[in-house]
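Just so you know, the sequences run in chain order P and W. Using the numbering used here, you'd call the opening residue of the first sequence number 1 and step up by one each time. Using the numbering used here, you'd call the opening residue of the second sequence number 308 and step up by one each time. Take a look at the structure below.
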Amino acid sequence: MSLLRRTAAPPRRRRDRRAAARSTLLAYAFMLPFLALLLLYHTWPVLFGTYLAFTEYNIISPPQFVGLKNFRELLGDAQFWSGVQNSLKYLLVVPVIQLLSIAVAMLVNRPLRSIGFFRTAYYVPVVTSFAVVGLIWTWMYQQSGPVNWVLTHLGLMQRDRSLLGNPASALYAVMFVTLWKGVGYYMVLYLAGLQSIGRELEEAAVIDGATRWQVFVNVTLPGLRPTILVCSLLSTISAVKVFEEIFVMTQGGPVGSTYTALFFTYAKAFQDFRYGYAAAAGIVIAVISLAFGIVNFRLTRGGRVDA
Amino acid sequence: MSTPTGNFNQRAAQLKARRARRMRLHNLAAYSVLVVIALIMLYPFYWTLITSLEPTGNIYEAKLLPSGLSLKNYAAVLSGTTVPFLRMVLNSVVICTVGVIGSVTFAALAAYPLAKMRFPGRDLIFYAILALVVLPNEAGLIVNYVTTIKLGLLEQRGPVWDTLTQYAAIVLPSVASIVGLFLIRQAYLGIPLELIEAARIDGAPELLIWRRIMLPLSMPTIAAFAILEFVALWNSFLWARILPLDPQMLPLSAGLLELSGTFATNSRATMAGAVLVIIPILIVFASLQRYFMKGIEGAVKG
Numbered sequence: 001m002s003l004l005r006r007t008a009a010p011p012r013r014r015r016d017r018r019a020a021a022r023s024t025l026l027a028y029a030f031m032l033p034f035l036a037l038l039l040l041y042h043t044w045p046v047l048f049g050t051y052l053a054f055t056e057y058n059i060i061s062p063p064q065f066v067g068l069k070n071f072r073e074l075l076g077d078a079q080f081w082s083g084v085q086n087s088l089k090y091l092l093v094v095p096v097i098q099l100l101s102i103a104v105a106m107l108v109n110r111p112l113r114s115i116g117f118f119r120t121a122y123y124v125p126v127v128t129s130f131a132v133v134g135l136i137w138t139w140m141y142q143q144s145g146p147v148n149w150v151l152t153h154l155g156l157m158q159r160d161r162s163l164l165g166n167p168a169s170a171l172y173a174v175m176f177v178t179l180w181k182g183v184g185y186y187m188v189l190y191l192a193g194l195q196s197i198g199r200e201l202e203e204a205a206v207i208d209g210a211t212r213w214q215v216f217v218n219v220t221l222p223g224l225r226p227t228i229l230v231c232s233l234l235s236t237i238s239a240v241k242v243f244e245e246i247f248v249m250t251q252g253g254p255v256g257s258t259y260t261a262l263f264f265t266y267a268k269a270f271q272d273f274r275y276g277y278a279a280a281a282g283i284v285i286a287v288i289s290l291a292f293g294i295v296n297f298r299l300t301r302g303g304r305v306d307a
Numbered sequence: 308m309s310t311p312t313g314n315f316n317q318r319a320a321q322l323k324a325r326r327a328r329r330m331r332l333h334n335l336a337a338y339s340v341l342v343v344i345a346l347i348m349l350y351p352f353y354w355t356l357i358t359s360l361e362p363t364g365n366i367y368e369a370k371l372l373p374s375g376l377s378l379k380n381y382a383a384v385l386s387g388t389t390v391p392f393l394r395m396v397l398n399s400v401v402i403c404t405v406g407v408i409g410s411v412t413f414a415a416l417a418a419y420p421l422a423k424m425r426f427p428g429r430d431l432i433f434y435a436i437l438a439l440v441v442l443p444n445e446a447g448l449i450v451n452y453v454t455t456i457k458l459g460l461l462e463q464r465g466p467v468w469d470t471l472t473q474y475a476a477i478v479l480p481s482v483a484s485i486v487g488l489f490l491i492r493q494a495y496l497g498i499p500l501e502l503i504e505a506a507r508i509d510g511a512p513e514l515l516i517w518r519r520i521m522l523p524l525s526m527p528t529i530a531a532f533a534i535l536e537f538v539a540l541w542n543s544f545l546w547a548r549i550l551p552l553d554p555q556m557l558p559l560s561a562g563l564l565e566l567s568g569t570f571a572t573n574s575r576a577t578m579a580g581a582v583l584v585i586i587p588i589l590i591v592f593a594s595l596q597r598y599f600m601k602g603i604e605g606a607v608k609g
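Encoded structure:
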């Protein structure tokens, strides 16, 4: 096509070129509103945020370039590193939530009656705002509340204590909420993965005399590998960047036991008004979560089905 | 009867019965696990609902039934003496409507050239958008805050203008949805090019082709994305909480946190508020969940 066009007569060529220019213009017109907002609210924050990390900035006066000062200060900031530590502890959620979601997905993948109800029920926490979920669990965790009732009656706890108010347990209490809210989300993804494997392969393995466990390890799990990659990547990144739960439930307390890395950037920016310093912390967090993303990608072998 | 076939039939029936029994047992086990998980997932909601209906009593106690029934907590929330709850409902409805229409329209428009037109810079733009997903955006909140202030969206200029600009401040950052662009582009790619070529030869302008061919044929994807976007907007609270907004302008989820602050001594009222925030999203979700699940699955397979 393009070859033909190039050998055409000059007047025709000019008209073609004008038509091409018009259609290019049209293509950009179609994308204009989207690209404008994308530049303003997605691209600009990456660029300007990176620049801010090398400045002192409080919005009122223009940013003052300070070189690596923010990063040097971060190195010695115990509060930041304890935040990073808490964020890394939060990674404990990842394997637990993945295993649970796979188990639940296999459970609801059975052709049972009213299975649709259960799938929907497990998804209700997912579609509920963290503003609501966080408040509900703050109440559930009260010293005399339902969680304590269950734990003491199961013999898991000797006497009532406030799980969220106790520095030893607060982070784990918040982690449980993340787990509870997230299982339904990953369940749906794994369900999609399971259904793409299809029953034929598993049934063929059963006919060949494989046990349930063998089928799971040799057929189901390899078939799920692409889904496992996506899901563990998503949950690793969101665990490192956990924020909304903390914001609603504990505000980083008690005694900093739930103070996570991203909560640190929030506090620095919107409580201390040190936007440059907060941006620098944001960059360090981004690098950390990127590193974990890469490790994750390696561990799941790039999500390949074979190998 | 001891003929071989009789024996065979008998054994087959036995096997069948045993299999059925084992199946029943398996199903029973599966159902009990399913029910236990459902209880863990739903009880917190149920507990909040019944507690919000109680007039008095030991508030945080574990219970299966409310100790009394009263709507006074709901009246306290809706009367709006401390927090303008009904106004927040209106805010949420406006933000969700504008946000969903905006993000669907802009993504559906932008996806068209990226999927079905040839023009210089197409691949560059596409990969640049892709890179934005991968690139870290931790400073996003901070810079978007600065941008919103600098755009003058939160300056006082008169009641009507202020209302409009504050809505814009809340909703604009979430309108350009990269996920939406990808989903819709994926749907467009599946539409045969012949259809578009034929329309072009007939002299149909591109905008008409988009509206009459692309949009109708990718409706399932667009609907799924619209629901995802609605749920996300209804549930978002962080951005609105960070912006220095007039309390009148807060959307529901953000307003709920305001409520828990002002009703610090009356958690039951906050619980009533929480129930009121959940109900609309549950209705939307329950009635549209088929598209919704499809949208989520599509987002992964995409």
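Note that the Cβ used here is the ideal one computed from N, Cα and C, for glycine as well.
Residue-level contact to chain P via CB, residue i, 9 Å cutoff
i, result
"W:R610", "Outside the shown range of chain W, which is 308 to 609, sits residue 610 of chain W, and nothing can be said about it."
"W:I283", "In the structure as shown, chain W begins at 308 and stops at 609. Residue 283 of chain W is therefore absent and cannot be evaluated."
"W:R434", "Rather than Arg, the amino acid found at residue 434 of chain W in this sequence is Tyr. So no, W:Y434 is outside the interface."
"W:A593", "yes"
"W:W354", "yes"
"W:P480", "yes"
"W:G364", "no"
"W:T577", "yes"
"W:L552", "no"
"W:M600", "yes"
"W:K370", "yes"
"W:P420", "yes"
"W:G459", "no"
For residue j and residue i, the rounded distance between their alpha carbons
i, j, result
"W:P362", "P:V127", "29 Å"
"P:A36", "P:L201", "48 Å"
"W:N314", "W:L322", "12 Å"
"W:Y419", "W:L524", "12 Å"
"P:Q98", "W:N380", "39 Å"
"W:S410", "W:W541", "14 Å"
"P:G223", "P:A204", "14 Å"
"P:K241", "W:A533", "26 Å"
"W:A383", "W:L550", "27 Å"
"P:A105", "P:A280", "40 Å"
"P:G282", "P:A53", "8 Å"
"P:V217", "P:I228", "14 Å"
"W:V342", "P:F118", "8 Å"
"W:E445", "W:L376", "46 Å"
"P:R212", "P:T220", "10 Å"
"W:R575", "W:Q555", "22 Å"
Within-9 Å CB hit, residue i to chain W
i, result
"P:T325", "This structure leaves residue 325 of chain P out entirely; chain P is present only between 1 and 307."
"P:E37", "It should be pointed out that residue 37 of chain P corresponds to Leu in this sequence rather than to Glu. Output row for P:L37: interface = yes."
"P:G282", "yes"
"P:A239", "no"
"P:S101", "no"
"P:L163", "no"
"P:A210", "no"
"P:S232", "no"
Assigned exposure category for residue i - 16 Cβ within 10 Å defines buried
i, result
"W:E513", "buried"
"W:N365", "exposed"
"W:P443", "buried"
"W:R597", "exposed"
"W:L360", "buried"
"P:P45", "buried"
"W:Q317", "exposed"
"P:F263", "buried"
Cβ shell of residue i (< 7 Å), same chain only, five flanking positions each side left out
i, result
"W:A414", "S484, G487, L488 and I491"
Cut-off 6 Å between Cβ atoms - residues of its own chain near residue i, not counting five sequence neighbours on either side
i, result
"W:T470", "none"
"P:K268", "R274, Y277 and A278"
"W:V582", "L356 and S359"
"P:E311", "Past the boundaries of the shown model lies residue 311 of chain P; chain P is included only from 1 to 307, so the question cannot be answered."
"W:V407", "A533, E536 and F537"
Neighbourhood of residue i by C-beta distance below 8 Å, restricted to the same chain and skipping five residues each side
i, result
"P:F292", "L91, T236, I237 and V240"
"W:L439", "I485"
Cβ-heavy atom distance, residue i to the ligand GTP, below 8 Å
i, result
"P:W139", "Here there are no bound small molecules, and the ligand GTP is not part of this structure."
Exercise. For the segment 140-150 of chain P and the segment 192-211 of chain P, state whether three or more C-beta atom pairs, one from each stretch, are separated by less than 8 Å.
Key: Too few Cβ pairs lie closer than 8 Å, so no.
Quiz prompt | Three-pair Cβ contact test at 8 Å for the segment 81-93 of chain P versus the segment 562-570 of chain W | solution = The segment 81-93 of chain P vs the segment 562-570 of chain W: no contact.
Quiz item: Are the segment 116-135 of chain P and the segment 165-185 of chain P in contact at 8 Å, needing three or more beta carbon pairs?
Solution: Proximity of the segment 116-135 of chain P to the segment 165-185 of chain P meets the contact definition, three or more beta-carbon pairs being nearer than 8 Å.
Exercise. Determine, using beta-carbon pairs with one atom in the segment 61-79 of chain P and one in the segment 206-226 of chain P, whether at least three such pairs fall under 8 Å.
Key: Verdict: no, contact absent.
Practice problem: Check whether the segment 162-175 of chain P touches the segment 250-263 of chain P, counting contact only when three or more Cβ pairs, one atom from each stretch, lie closer than 8 Å. | Solution: With contact defined as three or more Cβ pairs closer than 8 Å, the segment 162-175 of chain P and the segment 250-263 of chain P are in contact.
Quiz item: Does the segment 448-462 of chain W come close enough to the segment 15-28 of chain P that 3 or more CB-CB pairs lie under 8 Å?
Solution: With the rule of 3 Cβ pairs closer than 8 Å, the segment 15-28 of chain P does not count as touching the segment 448-462 of chain W.
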